[in-house]
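Here's the structure we're looking at; comments come further down.
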Amino acid sequence: MLRSRPLGTSRDEWSDLASAPLMKPPPFDYEDPETLAGALELASRLDNHKLLAGGQSLMPMLNMRFVQPDHVIDLNRIAELAYIDDVDTVVRIGSMTRQHELLESDVIARRLPLMREALEQVGHVQTRNRGTIGGSLCHLDPAAELPCVLMACDGVVEAQSVRGTRRIAMRDFPAFYMTPAIEPDEIVTAIEVAPWAAGHGSAFLEFARRHGDFAQASVAVLIASSPDGAIERASLAVGGLATAPQRIAEAERMLAGSMPTAALVRAAAQACGDIEATDDAHAPAAYRRQLAVALTERALKLALVRSDAANGGLHEPNA
Amino acid sequence: MSRTRRIEVEVNGRSEAREIDVRLTLADFLRRELGLTGTHLGCEHGVCGACTVLVDGRAVRGCLMLAVQAAGRSVRTIEGLGDAEAPDGLGVLQAAFREHHGLQCGFCTPGILMTLTELLAKCPDATESDVRLALSGNLCRCTGYQTIVSAALEAARRLNGKLAS
Numbered sequence: 005m006l007r008s009r010p011l012g013t014s015r016d017e018w019s020d021l022a023s024a025p026l027m028k029p030p031p032f033d034y035e036d037p038e039t040l041a042g043a044l045e046l047a048s049r050l051d052n053h054k055l056l057a058g059g060q061s062l063m064p065m066l067n068m069r070f071v072q073p074d075h076v077i078d079l080n081r082i083a084e085l086a087y088i089d090d091v092d093t094v095v096r097i098g099s100m101t102r103q104h105e106l107l108e109s110d111v112i113a114r115r116l117p118l119m120r121e122a123l124e125q126v127g128h129v130q131t132r133n134r135g136t137i138g139g140s141l142c143h144l145d146p147a148a149e150l151p152c153v154l155m156a157c158d159g160v161v162e163a164q165s166v167r168g169t170r171r172i173a174m175r176d177f178p179a180f181y182m183t184p185a186i187e188p189d190e191i192v193t194a195i196e197v198a199p200w201a202a203g204h205g206s207a208f209l210e211f212a213r214r215h216g217d218f219a220q221a222s223v224a225v226l227i228a229s230s231p232d233g234a235i236e237r238a239s240l241a242v243g244g245l246a247t248a249p250q251r252i253a254e255a256e257r258m259l260a261g262s263m264p265t266a267a268l269v270r271a272a273a274q275a276c277g278d279i280e281a282t283d284d285a286h287a288p289a290a291y292r293r294q295l296a297v298a299l300t301e302r303a304l305k306l307a308l309v310r311s312d313a314a315n316g317g318l319h320e321p322n323a
Numbered sequence: 202m203s204r205t206r207r208i209e210v211e212v213n214g215r216s217e218a219r220e221i222d223v224r225l226t227l228a229d230f231l232r233r234e235l236g237l238t239g240t241h242l243g244c245e246h247g248v249c250g251a252c253t254v255l256v257d258g259r260a261v262r263g264c265l266m267l268a269v270q271a272a273g274r275s276v277r278t279i280e281g282l283g284d285a286e287a288p289d290g291l292g293v294l295q296a297a298f299r300e301h302h303g304l305q306c307g308f309c310t311p312g313i314l315m316t317l318t319e320l321l322a323k324c325p326d327a328t329e330s331d332v333r334l335a336l337s338g339n340l341c342r343c344t345g346y347q348t349i350v351s352a353a354l355e356a357a358r359r360l361n362g363k364l365a366s
């Protein structure tokens with residue numbers, strides 16, 4: 005963008021330049037189908053296309069010309085992809101449901117408190133007003149909150165193409181760095197999560213330099229307790245360390261079946277001390293691991309306190 | 202398939218129709234096609250918040266939306282915030298910013314006012330922490346935010362007073 009008159013240009017030349025069309029994104033053909041069937045047909049037919057969901061990651065990439073698609077297929081007019089359904093044992097979320105809709109949803113607050121807590125830390129109000137759950141999943145930033153939550157909840161991603169529908173377990177969804185395991189003609193249409201029974205405890209904690217920044221480390225924890233106070237089942241996912249969020253199976257095994265003590269919580273958190281972590285300009289790997297250990301210990305304690313409160317204060321987690 | 206498209210969009214209560222390039226961002230559309238240069242462009246990748254406008258009442262980054270996506274929708278910009286009835290033409294939020302020195306260079310101000318317009322509409326009794334949370338999506342390099350927060354809370358008090366009376 006020309007912000008001031010470049011040296012050597014006359015006033016007239018500059019006024020021509022200043023009135024020339026100003027376009028940040030590269031040229032592309034634009035389609036905005038109103039039905040999923042229409043979008044699937046376009047996705048199967050058009051080479052080098054990009055799907056435009058909330059645009060909070062794709063639009064910056066277009067503005068900077070990191071991506072140069074021949075076609076942009078805008079999913080924003082497809083009303084049938086935006087919904088939150090509470091069906092028995094499963095909460096089903098349409099891929100074009102916006103992050104602010106999830107944050108304001110009673111179903112999410114009641115059934116998936118872990119997701120609700122994470123959503124408060126996803127970007128800012130101005131980006132959550134546009135950003136979608138499907139977009140966040142498919143962009144698959146290693147530090148993004150929603151993929152970490154779905155990893156902890158054993159979410160299922162539904163992808164459709166003209167060839168049919170596939171259900172992909174969240175743990176198989178990341179293929180590699182910022183790349184989901186979906187084919188070029190597929191569109192993610194829904195996300196399904198089986199909520200844990202009422203009375204479970206959860207916590208989502210992250211560390212970022214400023215509120216709304218991508219986290220240097222984030223932790224999602226789910227705990228279900230049995231009536232005698234022992235931990236029945238635990239799920240722990242860590243985001244922001246490696247190329248995709250990772251489940252910490254060793255910690256989950258230590259927790260399940262044990263009485264929750266401060267020593268157990270600390271030992272489980274230590275299991276994050278040697279997981280895969282990347283070095284980059286924002287933080288060295290050792291620092292990220294240390295963050296994961298500290299956040300895990302805090303998140304486990306918080307989830308236990310919440311589970312305890314939901315069950316009428318049966319046991320004392322720090323005993 | 203075409204690379205241009207004719208759109209109709211309501212901007213600050215006026216219906217506007219233009220033939221535009223499909224890759225034109227909403228912020229550039231407002232500035233270049235409609236001459237509404239009150240919406241500023243800083244980073245153009247969604248970080249600074251200077252280009253924040255309201256689309257159907259919700260604050261969004263004007264640089265992260267295509268103008269074609271605003272077709273059929275209602276957009277409000279800083280130019281639509283004034284109060285024609287007020288002697289100085291300023292709305293409640295704008296007047297509070299002037300009184301509390303909520304701006305210095307003024308570059309970030311239009312985006313901040315649009316963010317706060319949504320916040321105060323949704324949450325008229327916003328607390329200081331609500332205001333700071335909403336403002337986390339807008340960067341200001343002059344004020345240190347303190348005067349912005351004071352101005353926003355003052356505007357909330359006045360709007361609440363108006364609602365009560």
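Protein chains in written order, with the numbering used here: chain A, 5 to 323; chain B, 202 to 366. Even glycine gets a Cβ: it sits at the ideal position worked out from N, Cα and C.
If you drop the 5 nearest sequence neighbours on each side, which residues of the same chain put their C-beta closer than 6 Å to that of residue i?
{"i": "cysteine 157 of chain A", "result": "Val197"}
{"i": "leucine 334 of chain B", "result": "none"}
{"i": "proline 184 of chain A", "result": "Cys142, Leu144 and Phe177"}
{"i": "glycine 263 of chain B", "result": "Leu227, Ala228, Thr240, Cys252 and Val254"}
{"i": "arginine 310 of chain A", "result": "Gly205"}
So, is the C-beta of residue i closer than 8 Å to a C-beta in chain A?
{"i": "histidine 241 of chain B", "result": "no"}
{"i": "valine 261 of chain B", "result": "yes"}
{"i": "glutamine 347 of chain B", "result": "no"}
{"i": "threonine 328 of chain B", "result": "no"}
{"i": "leucine 225 of chain B", "result": "yes"}
{"i": "arginine 219 of chain B", "result": "no"}
{"i": "threonine 253 of chain B", "result": "yes"}
{"i": "glycine 250 of chain B", "result": "yes"}
{"i": "aspartate 331 of chain B", "result": "no"}
{"i": "glutamate 211 of chain B", "result": "no"}
State the beta-bridge partners of residue i as determined by DSSP.
{"i": "tyrosine 34 of chain A", "result": "A:Val76"}
{"i": "histidine 53 of chain A", "result": "A:His75"}
{"i": "leucine 209 of chain A", "result": "A:Val223"}
{"i": "serine 165 of chain A", "result": "A:Gly168"}
{"i": "arginine 207 of chain B", "result": "B:Glu220"}
{"i": "lysine 196 of chain A", "result": "Per the sequence shown, the amino acid found at residue 196 of chain A is glutamate instead of lysine. DSSP lists A:Arg96 and A:Val160 as partners of glutamate 196 of chain A."}
{"i": "aspartate 110 of chain A", "result": "The partner list for aspartate 110 of chain A (beta bridge, DSSP) is empty, contrary to what the question assumes."}
{"i": "alanine 260 of chain B", "result": "B:Leu255"}
{"i": "glycine 243 of chain A", "result": "A:Ser222"}
{"i": "valine 276 of chain B", "result": "B:Val212 and B:Val256"}
Compare the C-beta of residue i against all C-beta atoms of chain B and say whether one is closer than 8 Å.
{"i": "lysine 305 of chain A", "result": "no"}
{"i": "proline 31 of chain A", "result": "yes"}
{"i": "arginine 134 of chain A", "result": "yes"}
{"i": "tyrosine 34 of chain A", "result": "yes"}
{"i": "arginine 9 of chain A", "result": "Low confidence applies to arginine 9 of chain A: its pLDDT is 49, below 50, so where it sits in the model is not reliable enough to give any reading."}
{"i": "alanine 323 of chain A", "result": "Unreliable positioning characterises alanine 323 of chain A in this predicted model, as indicated by a pLDDT of 43, which lies under 50. The coordinate reading is nonetheless provided below. It does not; no Cβ of chain B falls within 8 Å."}
Given residue i, which residues of its chain have a CB within under 7 Å of its CB, disregarding the five upstream and five downstream residues?
{"i": "phenylalanine 180 of chain A", "result": "Thr247"}
{"i": "cysteine 324 of chain B", "result": "Asp331"}
{"i": "glycine 159 of chain A", "result": "Met174, Ile195, Glu196 and Val197"}
{"i": "glutamate 256 of chain A", "result": "Ala238, Ser239 and Leu240"}
{"i": "glycine 214 of chain B", "result": "Gly281"}
{"i": "proline 249 of chain A", "result": "Pro151, Cys152, Met155, Ala241, Val242 and Gly243"}
{"i": "phenylalanine 70 of chain A", "result": "none"}
Quick one: list the residues of chain B neighbouring residue i, beta-carbon separation under 7 Å, in chain order.
{"i": "asparagine 52 of chain A", "result": "Ordered by position in chain B, no residue passes the 7 Å Cβ test against asparagine 52 of chain A, which lies about 14 Å from the chain."}
{"i": "glycine 59 of chain A", "result": "Leu265 and Met266"}
Who are the neighbours of residue i on chain A, taking C-beta pairs under 7 Å?
{"i": "alanine 335 of chain B", "result": "Val129"}
At 9 Å on the CB atoms, spell out the chain A contacts of residue i, in chain order.
{"i": "glutamate 245 of chain B", "result": "Met5, Lys28, Pro64, Asn67 and Met68"}
So with CB distances below 9 Å, who are the chain B contacts of residue i?
{"i": "aspartate 78 of chain A", "result": "Leu267, Val269 and Gln270"}
Return yes when the C-beta of residue i is under 7 Å from any heavy atom of the ligand FAD, and no when it is not.
{"i": "glycine 58 of chain A", "result": "The ligand FAD is absent from the structure shown, which contains no ligands of any kind."}
How would you list, in chain order, the residues of chain B whose beta-carbon sits under 8 Å from the beta-carbon of residue i?
{"i": "histidine 215 of chain A", "result": "Leu334 and Ser337"}
Spatial neighbours of residue i within its chain, please: CB distance less than 8 Å, with the 5 preceding and 5 following residues excluded, ordered by chain position.
{"i": "alanine 271 of chain A", "result": "Met258"}
{"i": "leucine 317 of chain B", "result": "Leu294, Val332, Ala335, Leu336, Ala353 and Ala356"}
{"i": "proline 311 of chain B", "result": "Gly239, Thr240, His241, Ala251, Thr253, Thr278 and Ile279"}
Can you list the residues of chain A that residue i reaches, using a CB-CB cut of under 8 Å?
{"i": "threonine 316 of chain B", "result": "Val129 and Gln130"}
{"i": "arginine 204 of chain B", "result": "Pro31, Phe32, Asp33 and Tyr34"}
For the region 73-82 of chain A and the region 32-46 of chain A, state whether three or more C-beta atom pairs, one from each stretch, are separated by less than 8 Å. yes
Hey, is the region 56-71 of chain A in contact with the region 132-139 of chain A, meaning 3+ C-beta pairs nearer than 8 Å? yes
May I ask you to verify whether the region 195-209 of chain A touches the region 154-174 of chain A, counting CB pairs closer than 8 Å and requiring at least 3? yes
Would you call the region 160-178 of chain A and the region 62-70 of chain A in contact, with 3 or more CB pairs under 8 Å? Result no; under three Cβ-Cβ pairs closer than 8 Å.
Tell me, please, whether the region 278-296 of chain A touches the region 204-211 of chain B by the rule of three or more beta-carbon pairs shorter than 8 Å. no
Taking contact to mean at least 3 C-beta pairs separated by less than 8 Å, is the region 41-58 of chain A in contact with the region 112-124 of chain A? no
Touching by the beta-carbon criterion (3+ pairs, under 8 Å), the region 256-275 of chain B and the region 89-96 of chain A: no
Under 8 Å: do the region 238-245 of chain A and the region 219-227 of chain A share three or more Cβ pairs, one atom per stretch? yes
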